[in-house]
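Here's the structure, in structure tokens; my notes come after.
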Amino acid sequence: MREARAALAARGGPTDREGLVAVLRNLLEDVSAGPGRVRMLAYLELQAEAARRPWLAEVLDPVAAADFAGFEAMQRAAGLPATRERAALVTLALHGAIPHLLARGRDTGAASGLNDLDHFVRNALETAYPGYE
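The numbering of the sequence shown is the numbering used here, which starts it at 12 and goes up by one.
Structure, rendered in structure tokens:
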């Protein structure tokens, strides 16, 4: 775990829980209303197309696998007792939030907690890592 923390710190990644919250919140802000919005819309369109075209699914699969691995490494580097399952839970919560953030539904944001991204991220981490500060 120390090696992962050091490697992410060298690249400017989070090295504690607060840093991880900030990075994950910023990622959601970037893809929902920032410069990453157009890129995320295009990626979601590619994923939908991959459901119809198996050859495209094979192309996108390594990208998705690397995404899960990267999120797991970030959680470990932040000092959380990450397992593949816990890291996937957090990653899937963030991924699941993205289409709703892109659609910008006010009622959906309030119902899901996405109207407060900091709180949403903290709750996702607390669910995966209860009691761990």
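Beta carbons are placed, not taken as given, at the ideal position from N, Cα and C, and that holds for glycine.
1. Can you grab the Cα-Cα spacing for the pair Gly-170 / Arg-115, in whole Å?
2. Does Val-32 pass the burial test, meaning 16 or more other C-beta atoms within 10 Å, or should it be called exposed?
3. In chain order, what residues of the same chain lie with their CB nearer than 7 Å to the CB of Ala-104, ignoring the 5 residues before and after it?
4. Candidates Asp-27, Glu-60, Val-132 and Gln-86: which alpha carbon is nearest Gly-107's?
5. Does DSSP put Arg-63 in a helix, in a strand, or in coil?
6. Going by the beta-carbon positions, is the gap between Tyr-140 and Leu-91 smaller than 7 Å?
7. With a cut-off of 8 Å on the beta carbons, I'd call Val-158 and Arg-48 a contact; round off their distance for me.
So, from the listed chains and residues:
1. Given that the chain is displayed from residue 12 to residue 144, the structure contains no residue 170 and the question cannot be resolved.
2. Classification of Val-32: buried, given that the 10 Å Cβ count is 16 or more.
3. Once the five neighbours on either side are set aside, the close Cβ partners of Ala-104 are Ala-135.
4. The shortest CA-to-CA distance from Gly-107 to any of Asp-27, Glu-60, Val-132 and Gln-86 is the one to Val-132.
5. Helix at Arg-63.
6. Yes; because the gap between Cβ atoms is below 7 Å, this pair is in contact.
7. Any property of residue 158 remains undetermined from this structure, which presents the chain solely from 12 to 144.
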